[in-house]
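Notes to accompany the following structure.
In the working numbering, the protein residues as written are 6 to 691.
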């Protein structure tokens, strides 16, 4: 629980505060004092009479009632301190900096549980243990640096790792990003990342609160809560970006050893973020760059003008924007000619607009004005302006400051000379601006924002899905494992997913009769082995009874073979849909190009069931191979509507059949207007 004593305490006591500012206890006191904490600050230290100018209490029994206690003592002493302070001194909020709890040993986990039990008994808020603290505009209860500029319109930052939070703050400070609050939840025994988002959502005030939330997550303990409150905040006007660490196998081990986090499946994380509308980032620099972009005016277009005095960075930025699906359109016509006439000879206005290394502050202002007022196709302006070390840039950055304030179109300042023009850049940042010192990092972050969809609707699409029939089929399955092809066919049919006619039998005569009835060529597939292709259990384009008979006899000799399936041979673009049940997340649905290359190319998109049509289209469009699906080099594209419809129907099937733990349809064949399931397997665990 988050309460007023945690957020705006009238009194704070630091248990273990000291005069040594190179230790956590001393550093917390230093930061509280330098941060101008307006309430009553107390310190408990049995060996000191005064700590950094504050009278020290030698024991907690001497304390008057206090709102918030910050514990910087050995883990073994913390439960007793919490119990005494909560019961005798009316402390109702705790920040436990100390480590040595569940992240290290079983004994530490028991100590942590004792603390939580006490906090629940007395209605206390608990941050930590094993954290760097809490930083707000009210109190700087952290032991680390840097302390960023704090502003009501700064960003809220919530981190599951204290050390990583410090490194992210380092990255942010160099860019000029300001903060409203910094939450280091540590082990998150009571208040985790989801709880902080919940509080921010339920107490949200658009006129007062920050509209930007940045997250560093090592463990998603409650995906539903994260999804609900992130979606709600975004719909209220907030923007959220997050790093989820521990998505690879080795990364998961690293996360577990650091804070006892359990990494979630990366596809599940990707699906959750897509559904919520969270911009996913993969590095500290990317997260803080996205945070800086979020502080600028919103825009919906994709056309950029680049104003630069250095050709190379302009070209690299153009390339990076184009790679990310954005555009740097050529500027032509009378207005472009008029602009060129006002710049130095040799300047280029083709876009990038190169005002040359000798271009002045006045030239920069003229170029920005033309982009703002005379070029309606331009949605935003990027300005690259550094120095070779020969001139001071105060005048240039003063013009840039004024234009950012005046222009309706967003202006992205790219000021790379943070060393040779460090003083000028710092003066620019002090005026409330941000700086993107690397143009390619900026373009990459913009691409992530652009491709992140809006939060999805949470409604389940039932139309065309026979839920009672699905439940009857599932309820009738007695054994766990991969179900028979006939049941697979029935389930897909119940969900309204079209399938190719097929016949399964262990009798050769029956298989041959079906093939003659549906007409050659046909496909034969062994039934039994999970990976048919790996054991030679698939034969394509069989054109005669004799060949089919021979293939039947061969396949029935394969290990684990129980029957042979025969289907009409179809052609088309091979697609893939798969699903896997992830504990706590639910079903993750995957889509991509099909065939034998799914696992090799790994070009798949993920979504969290149940899916909306908007989510399905977003999944399809985010595939690297989407140009193939759209149609290239004269080839006709697939029917995207039907592909999306099958994805949505499958997600609805899974919503009402949670016993399905794994399934894939591979391939789906897209030919003309049709998209048909050719082969599928379903694993059921009841």
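We put the beta carbon where it would ideally sit given N, CA and C, even for glycine.
Quantities reported herein were computed from a predicted structural model and do not represent experimental measurements.
Please classify residue i as buried or exposed, where buried requires at least 16 neighbouring CB atoms within 10 angstroms.
i	result
residue 168	exposed
residue 623	buried
residue 637	exposed
residue 266	Annotation note: pLDDT 32 at residue 266 (below 50); position unreliable, coordinate value reported separately. Looking at its Cβ environment, which holds 16 or more other Cβ atoms inside 10 Å, residue 266 is buried.
residue 9	exposed
residue 464	exposed
residue 325	buried
residue 260	Only weak support exists for where residue 260 lies, its pLDDT of 41 falling under 50; the value from the coordinates is given anyway. Under this definition residue 260 is a buried residue.
residue 508	buried
residue 605	exposed
residue 268	Only weak support exists for where residue 268 lies, its pLDDT of 30 falling under 50; the value from the coordinates is given anyway. Classification of residue 268: buried, given that the 10 Å Cβ count is 16 or more.
residue 553	buried
residue 447	buried
residue 258	At residue 258, the pLDDT of 43 sits below 50, so the modelled position is not reliable; the number obtained from the coordinates is stated separately. Per the 10 Å Cβ criterion, exposed.
residue 23	buried
residue 195	buried
residue 274	buried
residue 685	buried
residue 206	buried
residue 128	exposed
residue 632	exposed
residue 486	exposed
residue 396	exposed
residue 430	buried
residue 294	buried
Where does the unbroken alpha helix (DSSP H) through residue i begin, and where does it stop?
i	result
residue 499	490-499
residue 162	Residue 162 -> not in any alpha helix (DSSP H); beta strand (DSSP E) instead, spanning 155-164.
residue 371	366-378
residue 289	289-299
residue 84	83-93
residue 119	111-127
residue 273	271-281
residue 626	618-626
residue 176	167-180
residue 635	631-635
residue 2	Nothing about residue 2 can be reported from this structure: the residues present for the chain run from 6 to 691 only.
Looking at C-alpha atoms only, which residue of the options is the closest neighbour of residue i?
i	options	result
residue 152	556, 381, 184, 165	184
residue 271	233, 396, 607, 400	607
residue 323	346, 296, 387	387
residue 503	610, 682, 400, 413	682
residue 474	553, 191, 99, 492	492
residue 443	454, 206, 422, 87	422
residue 277	674, 658, 614	614
residue 378	6, 411, 593	411
residue 56	88, 18, 70	18
residue 436	402, 98, 547, 88	402
residue 468	365, 651, 523, 516	651
residue 454	512, 562, 331	331
residue 646	617, 661, 670, 660	617
residue 1	72, 136, 6, 154	Nothing about residue 1 can be reported from this structure: the residues present for the chain run from 6 to 691 only.
residue 593	546, 627, 669	669
Beta strand (DSSP E) containing residue i: first to last residue?
i	result
residue 596	591-598
residue 6	Premise fails: residue 6 is in no beta strand (DSSP E) and is neither H nor E.
residue 57	Note, residue 57: premise wrong, no beta strand (DSSP E); not H, not E.
residue 418	416-419
residue 610	609-613
residue 571	568-573
Is the Cβ of residue i closer than 8 Å to any Cβ of chain D?
i	result
residue 518	Within the model displayed, chain D is absent; a lone protein chain is all it includes.
Cβ contact (3+ pairs, closer than 8 Å) linking the region 351-363 and the region 304-315: The region 351-363 is in contact with the region 304-315.
Give a yes or no on contact between the region 283-300 and the region 240-248, applying the rule of three or more CB pairs nearer than 8 Å. yes
What are the complete beta strand (DSSP E) segments, minimum 3 residues, inside the region 303-347? The beta strand (DSSP E) runs of length 3 or more contained entirely in the region 303-347 are, from start to end of the chain, 309-313.
Could you pull out every unbroken beta strand (DSSP E) segment of at least 3 residues lying fully inside the region 184-264, listed in chain order? 184-189, 217-222, 244-249
Note down, one range per segment and in chain order, each beta strand (DSSP E) of at least 3 residues found wholly within the region 648-685. 665-676, 679-682
Does the structure place the region 32-40 close enough to the region 118-128 that three or more beta carbon pairs sit under 8 Å? no
Quick test of the definition: if touching needs 3 or more C-beta pairs under 8 Å, does the region 410-417 touch the region 148-163? no
Only counting runs of 3 or more residues, tell me where the beta strand (DSSP E) segments fall wholly within the region 504-566, in order along the chain. With a minimum length of 3 residues, the continuous beta strand (DSSP E) runs that stay inside the region 504-566 are 507-510, 527-532, 543-547.
Contiguous beta strand (DSSP E) assignments of at least 3 residues, all confined to the region 385-450: 385-389, 416-419
Pair every Cβ in the region 525-543 with every Cβ in the region 584-597, then say whether three or more of these pairs are closer than 8 Å. no
Inter-stretch contact (C-beta, 8 Å, three-pair minimum) for the region 84-98 and the region 65-75: yes
Is the region 567-575 touching the region 524-539 in the sense that three or more CB pairs, one from each, lie closer than 8 Å? yes
With contact counted as at least three CB pairs below 8 Å, one residue from each stretch, are the region 100-116 and the region 75-89 in contact? yes
Length-filtered (4 minimum) alpha helix (DSSP H) runs lying within the region 14-77: 29-39
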